[in-house]
Amino acid sequence: EDCNRALALHKNGKLNEAEKIYLHLLKKDTNNSAILQLLGTIYLQIKNYEFSEKYLLKSLEIDPKNPGTLNNLGILKKNTNNIEKSIEYFEINIKENNFLNSWVNKSNILLENKKFTEGLEFSKEGLLKYPNDLKLRNNFGIFLFECGYQNEALNIYQQFDEKGVHFIDSYLNYSNILIKINNYTKALSILDKLLLLDQKNLNALRQRAYIYKNFSEYKKAEEDLSLSIKIEDSNFLNNKSIVELYIDTKEYQNAILYCEKMIKKNVEKQFFLHKKILSKIYLGDWICLKDDLEIFNNNLDFNNISLDPYTFKYLNDNPDLQNKMSENYWKQKPKNYFLSKISPKKHNEKKTSKVRIGYFSGDFTDHAVFQLIQDLFVNHDRSMFEIYAYSTFKKECIQRDKIIKYTDKFIDLDQLSDEEIVKIVKSDNLDFAIDLSGYTAHNKCHLFEYDIAKIKINYLGFPGSMGTEKYKYIIADKNIISEKHFNFYSEEVIYMPDVYQPFTPKVFNMNVKKSDFDLPDNSFILGCFSRIEKILPNIFDIWMNVLKKYKDVYLALCIKNRVVINNIKKYCEVNKFDFNRIIFLNPIDHEKNLKRISTFDLYLDTFPYNGHTGISDSLFQSCVPTISLSGNSFASRVSFSLLNSLKLEELVTFNEKDYSEKIEYYCVNRNELLKIRDYLIEYKENNIDRMVKFTKDFENLILTIFSKNKKNN
């Protein structure tokens, strides 16, 4: 009677009362295996692992084959991170008792530890014993998918649909697979069903918010994430998701509030400090930012968390750390090994003497990358090369039309599933796949995980290593990546003979005055048109301190956001800078903008993320002398590369002190600038057709790699 009463209390969660009765019973019968097991189970439930193990082992000593004891010992060892011993207990239980829960528990461990191949075989064996067990079959579906059997995995969940046997975990796993294969509509319907069963399921709320964000339904995404935080306020993933949503929707102040909350609670502090700093630099909110930057850079631990490798470049100039960030980020990207199994259509594997190059980009539009690379397409030797363009972001415009005109095949990928894309690209039988986006916006770099071309190259859009050997090469030049830095790149570094950056000098009338663009004629203009996130307060301080010394010097910035301008004004007031000497200009048409820049006296670079297209615009288009602050990473050496190609090394600096002094030197020695400007104008006039030579150099590099690859294979 006492035993039955204790069991009833135990089942109803009244563990303290059940414990007292079990202990009383144990005094009467100290070697009762069942009571020992039940006590061990209670202590396991309340996470008193020391007592739990003591009673469970004593129970096992008396009854070595007891299935419940063996299974609970396996759970205990799993909870205390002794995975090998945990699996050992489950395996004994499977061998001795064919115990279903131990089949499921071992399957869960293999899944959590990403032992997908082993898990697949284990699940097959388990399903022979228990063909109708839904938990085993659910795990089997995940193992199938992760091993590349996408259709077989989907078939399992479709059977769950048809039979009406879905449960919480199967719904979650099914929606996760559907998200990975870009079937967001179906995934959304599955999550809606799940949330009818469990309105507070955090995984489901986060997954649904992710889908809403991809559908640009930002309010719905915000509602789901706000609910998830209401349910579990300090949960890292809940707060991570809402911060990233607010950054994506440019609600930076909201992002900062959540970041500060998590920093205060010391939850993944480094991650949220990174996102807080980013939000502040997007807002131009520089007050106290230097302190945050110092804390962030002094406490970096790339082993703990993967930060976004693109925005990390705004804050740090260490190429080793940048590569490690990229490596971590790539490892965490979802993989779909089914895509590795896709073969090209046989009829498209035609022999050709031409080398096939496929360019992948989200920037075949009015974008800086397009401005640079457009005439590479125009000048390609079509007798030797077939040119394919794969657009990952569709936007109707004349820039896109130009790319279409000068390619053999142009295709929009953004509305296609990954399976459809890989089938199309593999059927094109590319020799080279060149990623022009990397980790920047609208990328599909995850496709480079798979064999979409014989040789895969990282070039131009992302200034640094992708952190994976899936890309064979990164294209640079000797000034961008020195040989002593090769080990900071996962790719093999290959050099263009001159400068890595393509650009076409535009011919336009530079006989314009400052007043044509509402700039004061009798003034000395320092200009920087880098985006606000590239301008850090230490660099801004240097500029403003120069203005203090020279009363006719003004600073021109291309910023129209009133929030940013007001934040800069507050920063100037705190630091006693003359805000009225800053001229805020609006963005205008590219060619008009080049004319406007040509009226500047001196152009200024940013650090640690240099201007890239902006610097080639200032030097090669508008012919304005430009001061560079150069560092060690790819992003901080672009202007160094461009100035060296011009043999203008005297405009390069390598620390803040020299950078400041160099700006001041030219504010005084203005005639020197006129000589440099004349030199730049002459250089431009003599190199109007530079893209003809650049394209030839680029093609020779491609052919050299092609021959080397052919020889090695």
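Just so we're aligned, residue 481 is where the sequence shown starts under the working numbering, counting upward by one.
Even for Gly, the Cβ is constructed at its ideal location relative to N, Cα and C.
For residue i, the first and last residue of its enclosing alpha helix (DSSP H)
| i | result |
| --- | --- |
| residue 582 | 580-592 |
| residue 573 | 563-577 |
| residue 519 | 513-525 |
| residue 689 | 682-694 |
| residue 761 | 749-763 |
| residue 547 | 547-559 |
| residue 1147 | 1136-1148 |
| residue 482 | 482-491 |
Residue environment, residue i, which counts as buried when at least 16 other CB atoms sit within 10 Å
| i | result |
| --- | --- |
| residue 1095 | buried |
| residue 925 | buried |
| residue 943 | buried |
| residue 1192 | exposed |
| residue 503 | exposed |
| residue 1174 | buried |
| residue 1088 | buried |
| residue 510 | exposed |
| residue 877 | exposed |
| residue 558 | buried |
| residue 832 | exposed |
| residue 579 | buried |
| residue 1042 | exposed |
| residue 644 | exposed |
| residue 1152 | exposed |
| residue 742 | buried |
| residue 966 | exposed |
| residue 665 | exposed |
| residue 551 | buried |
| residue 1061 | buried |
| residue 976 | buried |
| residue 1150 | exposed |
| residue 1168 | exposed |
| residue 544 | exposed |
| residue 1036 | buried |
C-beta contact flag for residue i and residue j at 7 Å
| i | j | result |
| --- | --- | --- |
| residue 486 | residue 498 | yes |
| residue 560 | residue 529 | yes |
| residue 725 | residue 701 | yes |
| residue 1075 | residue 992 | yes |
| residue 669 | residue 619 | no |
| residue 1147 | residue 1034 | no |
| residue 919 | residue 799 | no |
| residue 914 | residue 884 | no |
| residue 1051 | residue 767 | yes |
| residue 954 | residue 969 | yes |
| residue 648 | residue 667 | no |
| residue 945 | residue 806 | yes |
| residue 705 | residue 727 | no |
| residue 709 | residue 680 | no |
| residue 433 | residue 850 | The displayed coordinates of the chain run from 481 to 1193. Any statement about residue 433 would go beyond what the structure contains. |
| residue 1085 | residue 1108 | yes |
| residue 621 | residue 610 | no |
| residue 1012 | residue 1044 | yes |
| residue 881 | residue 867 | no |
| residue 539 | residue 517 | yes |
Rounded Cβ spacing between residue i and residue j (contact assumed at less than 8 Å)
| i | j | result |
| --- | --- | --- |
| residue 957 | residue 980 | 4 Å |
| residue 630 | residue 655 | So it is not a contact: roughly 15 Å between Cβ atoms. |
| residue 1100 | residue 1164 | 6 Å |
| residue 999 | residue 1079 | 6 Å |
| residue 917 | residue 841 | 5 Å |
| residue 912 | residue 886 | That pair is no contact at about 17 Å. |
| residue 736 | residue 760 | 7 Å |
| residue 573 | residue 582 | 4 Å |
First through last residue of the beta strand (DSSP E) which encompasses residue i
| i | result |
| --- | --- |
| residue 1107 | 1106-1109 |
| residue 1170 | Careful: residue 1170 lies outside any beta strand (DSSP E), inside the alpha helix (DSSP H) at 1170-1192. |
| residue 973 | 972-975 |
| residue 1034 | 1033-1037 |
| residue 1008 | 1004-1008 |
| residue 867 | 865-871 |
| residue 837 | 835-841 |
Any C-beta of chain C under 7 Å from that of residue i
| i | result |
| --- | --- |
| residue 888 | Absent from the structure is chain C; it holds one protein chain and no more. |
Unbroken stretches of the alpha helix (DSSP H), 4 residues or longer, contained in the stretch 886-968: 898-907
Could I get the ranges of all uninterrupted beta strand (DSSP E) runs contained in the stretch 1013-1097, with 3 residues as the minimum, in chain order? Listed in chain order, the complete beta strand (DSSP E) runs (minimum 3 residues) inside the stretch 1013-1097 are 1033-1037, 1062-1064, 1082-1084.
If we require 4 or more residues per run, which alpha helix (DSSP H) segments fall completely within the stretch 634-719? 648-660, 664-677, 682-694, 698-711
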